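Report on one structure; see the data block that follows.
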Amino acid sequence: MGPERGKKRNFIGRRRVKEIEEIRELEKKAKELPNKAEDSESEDREEAEEGKKMRVRKELEKQLEKQEPNLNIRRQAADLLYILEAPKLKISQEEMVVVPLIGSS
Numbered sequence: 000m001g002p003e004r005g006k007k008r009n010f011i012g013r014r015r016v017k018e019i020e021e022i023r024e025l026e027k028k029a030k031e032l033p034n035k036a037e038d039s040e041s042e043d044r045e046e047a048e049e050g051k052k053m054r055v056r057k058e059l060e061k062q063l064e065k066q067e068p069n070l071n072i073r074r075q076a077a078d079l080l081y082i083l084e085a086p087k088l089k090i091s092q093e094e095m096v097v098v099p100l101i102g103s104s
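The following block contains the structure:
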């Protein structure tokens, strides 16, 4: 009975150690969660601010394009406005250019 009892204690002891380790990991994750939530909130605020800046910038470019007496500056404003709008443009499959990989035939 002696050796069997020792094995049983070791098994229970190892299981208890694993449980304690799991609890510690869960506590660490619980501490990290509020930090992650704060980070995501600050990222959302930054994205909202960037969106506002882009809208203001586009509006200023439109005004400059329409109201500037200098023709060269109006053209530059139109080009900048086009560049700012470019991410919204949809390109069809036919318009896309396929660049072959180097070394492939």
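Using numbering that gives the first Met the number 0, the letters of the sequence shown correspond one by one to residues 0 to 104. All residues carry an ideal CB built from backbone N, CA and C; glycine is no exception. These figures come from a predicted structure and were not determined experimentally.
A distance below 8 Å separates the beta carbons of E64 and R73.
Cβ-Cβ separation between K61 and L80: approximately 6 Å, consistent with a contact (criterion under 8 Å). For E84, the uninterrupted alpha helix (DSSP H) run begins and ends at 70–84, by DSSP. Secondary structure of K35 (DSSP, three-state): helix. By the beta-carbon neighbour count (other beta carbons within 10 angstroms, threshold 16), A76 is buried.
Taking a C-beta distance under 8 Å as the contact criterion, L83 and M53 qualify as a contact pair. Shown here, S91 sits in coil according to DSSP, grouped into three states, outside any helix or strand.
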